[in-house]
Structures are given as structure tokens and as C-alpha cells.
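Enquirer: The listed protein sequences correspond, in order, to chains Z and B.
Using the working numbering, you'd call the opening residue of the first sequence number 156 and step up by one each time.
Using the working numbering, you'd call the opening residue of the second sequence number -18 and step up by one each time.
Built from N, CA and C at the ideal position, the CB exists for glycine as well.
As the structure is a prediction and not an experimental result, all values here were calculated from the model.
Right, I'll just put the structure down here and ask away after.
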Amino acid sequence: MKTYSPSAALKKALETALLLGFLLVIASPVSADEQPIDLFSGFDDQAPAARQEESDRDTPSFLSGFAKLAAAYNTDHGQPLPGQTDWRGLSKLRGELLLETKQKLSGWQFFVSGKGFYDLAYESNGRSGYAARVLADYEDEVELREAWLQGALLPSLDLKLGRQIVAWGRSDNFRVTDILNPLDNREPGLTDIEDLRLPLAMTKLNFYLGDWSLDLIGIHEHRYDKNPPFGHDFYPYPVPPPEEIRPAHTMENTELALDLTGSFSGWDLSIYYADTFNDQPNLVPSLPPVSEHRRLKIFGTAASIARGNMLIITEAAHLQGLGFLADFNSDYERTDLLAGFEYSGFSETVINCDYLFRRLHGYNNMIKASPESPLENDEQLALRISRNFLHETVSLGGLAMVFGDRGQRGALERLTLTYDPADNWSITAGAVFYESGDTPATAIGDKDRVFMEIRYDF
Amino acid sequence: MRTFFKILAAMVFGLSAVTSNAFADDPEAWAIMEKVDTREDGDRSMVDMRMILINKQGKERIRSIRSFGIDRGEDHLSLMFFLAPADVSGTGFLTYDYEGGDNDDDQWLFLPALNKTKRIAAGDKSGSFMGSDFSYADLTTRRVEDYKYSFNEQQREVTVHGHKAWVINATPKDEKVAGETGYKRSIVFVRQDNFVVIRAIYFPTNGSTTKYYDVRKLEQIEGVWTGTEIHMTTKKGKRTVHKTILSFNNVKYNQDSVNEDLFSIRRLEKGP
């Protein structure tokens, strides 16, 4: 098993970024002198005309979605201790199906989607080797995802009612203001970004006035992050988590959120406010130990500015109501600041980099020793590069994330190569490398995986 | 006035990072291109577009788009929804294409799978549009005054599909324009009876390819000359590297439902 080394984690992340950059550079088209030819003869007068008989393919079908076969293989595990699950080798062989439909009637639209999967890896490896909770969470699942009704109540007022996703903020890498929907964290670094957010039942009113829009949101469903259970490869502790107490679905527990956004030529600005329950439960000093979700207030802002080939983004959030076991009765505050850019000046290439700084106010020796291991100042860095080849039939992507200014909270690198052999078909292969940090929660250095997906969209 | 169709036709104003003395401004050629620019091209339009992408092995991929366009003064607004293939269905693309000043165009992309609208840096338009042989630059307006024009030194006029056409060289006046569009120069063929660009040859700033633009079907719809089938072929020497056939169906102009409210993030997020 890998041991923590800040410099090693940082070095590995940088090496991955350099490797990706090298691959992208050597794949760049090479200029060559124009060859003298008869330019006017280059038009193809014999080319067949476009076929019109296929126009029925444009008609949206009643049901759409995708079917996917996904496999993952652990490459870095050591031999398990007696009685522990053997996570070496095949860790996923999952068939997945997503179905969705969108229907319109008199200016209103209704959307519903559902997803299910079954993972053959557990049967293949022997189900008796896994904890019951691991099988319950990872072997199969059927769930309703989004289900909402949307329409205009007035010319400048829309209503969207039902289970939905509301994505705040500008960053694709870190969540500073994007705090409304919980996340599926069961496979860190492996989950598709479109599956990452978990929809919540909400009532959303959108007012529009000129360049501005105001969203008023009531969140009725208390649904929290899906995390790896005790006994799973990605669960880092030797003991199970305490029982989690969730807020009752009452009127007074309804969460509120507000988003004021202005979009202008070259730039935009959002101002956010949310009064929600923290997605991460706090440990409560009790016997037996339990955890609960504390009420959290968030004041945030986000902006993006486009100049030439550069998109500059920034986010800021101030959180009130954070709690720690060692000083349970006190509320702590934290300020998160993010700055990033996305550069698209190289052909078919997008380079994205985000830097996040978090400061915990009122930091003291009491919470320093708390089991949550909070830091007074925390820094995170993400570098993402993607490039398309061969008329977008092939795409190469790389992501490196470093947690802590020297990687002391771990690091992650991900490489993916996607090939579209035909319309609606895609094949993705890749690898995720994890570097351990200096806390038990970040001891993930032996989880490296290679993975492959075959997907058909319809 | 400019619409999406004129935008496609206007892609002929290809450019040159290396401005050549061989392509000095010719008043007569300039006057022709001004007429191309001011030609009536319809407004408040809606159309279903189909792109067939053909690689050098002859294998085809198909993209379908529903597109709306409107003029706002000198500026042009467009809204596109991708209908196929299935993995991008529902994705929306909103563009505010500014004619005057130094403002970059505004572009927003809506990704339904993430339920997120994202601003796009629109400085570089040389990238491929959805993997086709058309670039983003080919889908936005080019200012006629950004180029120098001269008659082609080999052939001043030719006959194309039975119609006489002028052959005009177009080069960018500065490197910025060349860099943004990805073309160092172009040769355009302007039909003499209606000032429609029916053919063009583009020379990309990087690589050794040449792109051939060919309007294969030209119809008068509601009085507006409209290219309803356009071929763009990328060649290396005489060899075809890749080709895109862009066809237009259900072309309509002057639609009451196509008003400025349509070209908003609100509408973008509601989908086609």
C-alpha cells in the first residue's frame, strides 16, 4: 500500500499533466507547404446530393436515453488481511440503462428520467466476499432521477416543479457555490459528470427582467450525498460511520435558495443565498455516536468574463453554521474563494485550470484535534485538458487535482480516451490514479483503476 | 440584414495572416462584395439543418439542428438546438454576433445532461463546428470591411452550373481577423445575376489542406435566395480528407414566433 508523501503526490500529478500536454503536442497537425495544384478543379461536380429520405431521423422519439456497459479493474491493491474483502482485480462489470421522456403541451413541458444498473462483478467474484451494505449500494440500483413540470405562469414568470437539478456557479472542477444538489461520491473520479448530481424535489420560480433573472427555490426533499459504505474499497475508516439522523420532511425544514443572475455582453454575474442543511453530516457527542445535518447559511457570488479565447471565472462563498465534534455547540464560518480560467485558443483544445482557497474562521486548538481534521487554510488546484481529433470522433482528456498546497490531502489524476465509431456509439477507456493524503479520510493511494465503457445513446 | 444563410454564404470572406500585395483592394471587386453583403437575405428565420459528415473511407455521420435567426440592428442573433445524434440531443447554442465595435461575440452553451448554461469564449472561431468541415467562423458574420478584394489573376469570371460568376480573391486586412477565423485567404465565386456566393476556396492558416465550399442547391424562398444544400470538402492536394453536406429543410422567413424573446438564456434552457 502506498504511504503518504506530499512531494510524491504533487510530483505524480505534475507528471500526469506533463504527459498529457506532451501527448497533445505530438498529436498536433504538422504544417506543410501548399502544393501547387489546379485549385479550380477541386470542386466535385459529381458528388451525390444529400439524401432526404432520412429526415424521419430528426423526429424526437418518445423515449430516449442510453445503455452502457462499464468495467473497472483495480491495479494497485495489495493482498487483503484475513477476513477483509479482496478488492484486487475486477471491481465493476456493470450494465446500465437510462430512460427519459420529454413531452410538451400548451407551452408546458414534462420531463421524467429513471436509471438502473446491475453489476455482475460481485457475482463473478463471489458475493460472500462482500459486506451486505456494499452489495446493497453497488450491486444493483433502480431510481427515479428527474421528474418535473415546467411552464410560464406569466410572460415574465416561469415555474418548474418537481425533482430537478439546479447547477450554480461557474467551475467544472470544484463546488464553491454549487451546493444545492447532493453528489454521488460512491466512485470518486470515476462517476460521469452527468451522473454526479442527485436531483432533489424543488419548487422553482424564475422571474425575468431585461438582462436579469431571479430564481426563488424551495427545496422539499432531504437527500444527501451517496458515500461509500463501511466495508467498501473507498470507505477509508476501520469502523462503520455513526447512525445518520436526517431532518424530517416538514414545512419548517424546507430549504430556501435564491439566485440573482445578470448576463451582459462579455460578462455575467450571479449572487446566491441559500439556507439549507449541510450535505455532510456532523458527528454528535452522544452514546451511541450519531451524526446529524446542521443548518447552513451560504452567501455566494460567481462571475465569468470572456475576452478573446479566454474565459475567466471566479466564485466566492461564505458559509455559516459549520460544526465540529470537539466544539459541537459552536458554529464556525468559512470563506471559499475560487479563480480559474478556460483557454480555447489552441485548435480543438480546451485548457481549464481552477484554484480554490478555503479559510476556516475562528480556528483553534480544540477543533484542530477534532476527528474531522479541519484545516485553517486549505488549497486545491485542478488542471483539465481536452482535445478533439479526427472531426470529433476521438477525444483525449486529462484531469489532475491536488488537494492541499503540497498535496498533503492527496491528489487524483485521470486520463480518458473516447472514440465514437458511429453515431450514437462511444467507447471510452481510461485510468484513474489516486495519491494518499495525510489523514485517514484521504488514504486512497491503493485504489488506482483502469476502466472502459461502451455506450449506446438512443 | 443578415441571417444564418447569409452567414454561411459570407464565409467566403476568408483571409490571410500574411497579407499579400498580390491581393490589393480593387474598387470593382469591393463593390461586388458590398452588394453581396447588402443583398436581401431574409429575417426572423427558422430552419431544420442536417449535416452529413463523410470521412475519407466514405463512412457517414449525421447531425441534425433546428436553427432560428433574427437581426437586431446591425447585429445578428441565432439560436440552435441539436436534435441528433442522441448523445447531444437537446444541447442548445445561443450566439449574439456583433457587427460593430471591438466586442467579441457572446456565446452560451446549454448542456441538458448537466442542466447548466455555460458562457463560451468566442475569440477563436477556427475550430470545427460539431466535427464538420464548417468552422464556428463559418457560422458567424464576417465584416466586409475586414478584407481586401481583387479579381482572381487566373480567371476573372467563370461559369458555374450554367451561371456566370465573378472570381474574387479575399484577404484579411490584419492578422487578428485571420487568426480568429482560421483562414489566411480565400477565393469566392459570386453569381452575377443575384450576388450570391455559390462557390469558394478557403486556405486555412495551419495545416496543408484546402476547403471547397459549393452551393449545390439554390432556391428562392419567399423572395430570398437561399442555399439549401451546401457541400464543404476538405482536401489535401487532390485527395479528399473529409466532407460535409449541409442541407436545409423547412426554411421559413418572417415568422412571428421568431422574436427577440426567443434569443435568450431562458429560451435556450427550455430546449427545442
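So, does the CB of Z/GLU547 fall closer than 8 Å to a CB anywhere in chain B?
Expert: So yes, Z/GLU547 belongs to the interface.
Enquirer: Which stretch, first to last residue, makes up the beta strand (DSSP E) that contains Z/ILE348?
Expert: Here Z/ILE348 belongs to no beta strand (DSSP E); instead the alpha helix (DSSP H) covers 348 to 351.
Enquirer: Classify B/SER228 as helix, strand or coil using the three-state DSSP reduction.
Expert: Reduced to three states, the DSSP call for B/SER228 is strand.
Enquirer: On the three-state DSSP scale, how would you describe Z/THR597?
Expert: In the structure shown, Z/THR597 sits in a helix (DSSP, three-state: H, G or I).
Enquirer: Going along chain B, which residues have a C-beta under 9 Å from Z/ARG607?
Expert: In the sequence as presented, Arg is not what sits at residue 607 of chain Z; that position holds Met. Residues of chain B passing the Cβ test: none, with the nearest at roughly 18 Å.
Enquirer: May I ask you to report which of helix, strand or coil DSSP gives B/ALA146?
Expert: Three-state DSSP puts B/ALA146 in a strand.
Enquirer: Going by DSSP in three states, B/ILE246 sits in which element: helix, strand or coil?
Expert: If DSSP states are grouped into helix, strand and coil, B/ILE246 belongs with the helices.
Enquirer: With 16 as the cutoff for other CB atoms within 10 Å, does Z/MET406 come out buried or exposed?
Expert: With fewer than 16 other Cβ atoms within 10 Å, it is exposed.
Enquirer: Got a sec: is the Cβ-Cβ distance from B/ASN187 to anything in chain Z below 8 Å?
Expert: With 8 Å as the cut-off, B/ASN187 counts as an interface residue toward chain Z.
Enquirer: Give the single residue among Z/THR240, Z/TYR487, Z/PHE385 and Z/PHE454 whose Cα lies nearest to the Cα of Z/ASP414.
Expert: Selected option, being the one with the closest Cα: Z/PHE454.
Enquirer: Using CA coordinates, which residue listed in Z/ALA291, Z/PHE496, Z/ASN464 and Z/SER485 is at the minimum distance from Z/SER525?
Expert: Closest by alpha carbon: Z/SER485.
Enquirer: Are the CB atoms of B/ASP127 and B/PRO153 nearer to each other than 8 Å?
Expert: Cβ atoms of B/ASP127 and B/PRO153: closer than 8 Å.
Enquirer: Cα-Cα, which of Z/TRP303, Z/SER311 and Z/ARG325 is closest to Z/GLY317?
Expert: For the residues Z/TRP303, Z/SER311 and Z/ARG325, the minimum Cα distance to Z/GLY317 belongs to Z/TRP303.
Enquirer: Quick test of your reading: Z/GLU296 and Z/GLY271, contact by CB under 8 Å. State the CB separation rounded to the nearest angstrom.
Expert: That belief holds up - the Cβ atoms of Z/GLU296 and Z/GLY271 are roughly 6 Å apart, short of 8 Å.
Enquirer: Would you check if the region 165 to 178 of chain B and the region 142 to 151 of chain B touch, i.e. whether three or more CB-CB distances between them fall below 8 Å?
Expert: In short, these stretches touch, since the Cβ pair count reaches three.
Enquirer: Roughly how far, in whole angstroms, is the beta-carbon of Z/ASP491 from the beta-carbon of Z/LEU511, given that I think they are within contact range, below 8 Å?
Expert: At roughly 7 Å, the Cβ-Cβ gap stays under 8 Å, so Z/ASP491 and Z/LEU511 are in contact.
Enquirer: Using Cβ-Cβ distances below 8 Å, what residues of the region 168 to 194 of chain B are close to chain Z?
Expert: So the close ones are ILE168, ARG180, ILE182, PHE184, ASN187, GLY188, SER189, THR191 and TYR193.
Enquirer: Buried or exposed: where does Z/ASN532 fall if 16 or more other Cβ atoms within 10 Å of its Cβ makes it buried?
Expert: Label assigned to Z/ASN532: exposed.
Enquirer: State yes or no: is the C-beta of Z/PHE385 within less than 8 Å of the C-beta of Z/PRO396?
Expert: A contact, by the Cβ cut-off of 8 Å.
Enquirer: Residues of chain B with CB closer than 7 Å to the CB of Z/ILE348, please, in chain order.
Expert: Ordered by position in chain B, the residues that pass the 7 Å Cβ test against Z/ILE348 are LEU95.
Enquirer: Under the assumption that B/GLY50 contacts B/SER26 (Cβ atoms under 8 Å), give the Cβ distance between them as a whole number of angstroms.
Expert: Sure, about 5 Å apart at Cβ, within 8 Å.
Enquirer: Does Z/SER196 pass the burial test, meaning 16 or more other C-beta atoms within 10 Å, or should it be called exposed?
Expert: The residue is exposed, with fewer than 16 neighbouring Cβ atoms inside 10 Å.
Enquirer: Keeping to the same chain, check which residues put their C-beta closer than 7 Å to that of Z/VAL394; ignore five residues upstream and five downstream.
Expert: Around Z/VAL394: no qualifying Cβ.
Enquirer: Counting along the chain, where does the alpha helix (DSSP H) carrying B/MET14 start and finish?
Expert: Start and end: 8 to 19.
Enquirer: Going by DSSP in three states, Z/LEU290 sits in which element: helix, strand or coil?
Expert: Helix, per DSSP.
Enquirer: Is it buried or exposed for Z/GLU342, if we count other Cβ within 10 angstroms and need 16 for buried?
Expert: Under this definition Z/GLU342 is a buried residue.
Enquirer: Under a Cβ-count criterion, where at least 16 other Cβ atoms within 10 Å of its own Cβ denotes burial, should Z/SER268 be classed as buried or exposed?
Expert: Looking at its Cβ environment, which holds 16 or more other Cβ atoms inside 10 Å, Z/SER268 is buried.
Enquirer: At which residues does the alpha helix (DSSP H) containing B/LYS219 begin and terminate?
Expert: Unbroken run through B/LYS219: none, as it is neither H nor E.
Enquirer: Could you check whether the Cβ of B/ALA146 sits closer than 8 Å to any Cβ belonging to chain Z?
Expert: B/ALA146 does not count as touching chain Z.
Enquirer: Measuring alpha carbon to alpha carbon, tell me which residue in Z/LEU551, Z/GLY562 and Z/ASN340 is nearest Z/GLY592.
Expert: Here the closest residue by C-alpha is Z/GLY562.
Enquirer: Using a beta-carbon distance below 8 Å, is Z/ASP380 in contact with chain B?
Expert: No, its Cβ sits nowhere closer than 8 Å to a Cβ of chain B.
Enquirer: Can you give, in chain order, each stretch of the alpha helix (DSSP H) that sits fully within the region 513 to 538 of chain Z and has at least 4 residues?
Expert: The qualifying runs are 520 to 523.
Enquirer: For a contact defined as C-beta to C-beta under 7 Å, what are the partners of Z/SER499 on chain B?
Expert: Going along chain B in sequence order, the residues near Z/SER499 (Cβ under 7 Å) are ALA102 and ASP105.
Enquirer: To the nearest angstrom, how far is the alpha carbon of Z/LEU245 from that of B/LEU92?
Expert: If I take the Cα positions, the gap works out to 33 Å.
Enquirer: Quick check: Z/THR615 and B/GLY112, are their CB atoms within less than 8 Å of each other?
Expert: Not covered by the structure: residue 615 of chain Z. The range shown for chain Z is 156 to 613.
Enquirer: Spatial neighbours of Z/ILE181 within its chain, please: CB distance less than 8 Å, with the 5 preceding and 5 following residues excluded, ordered by chain position.
Expert: Confidence at Z/ILE181 is low in this model, with a pLDDT of 45, below 50, so the placement of that residue is unreliable and no value is reported for it.
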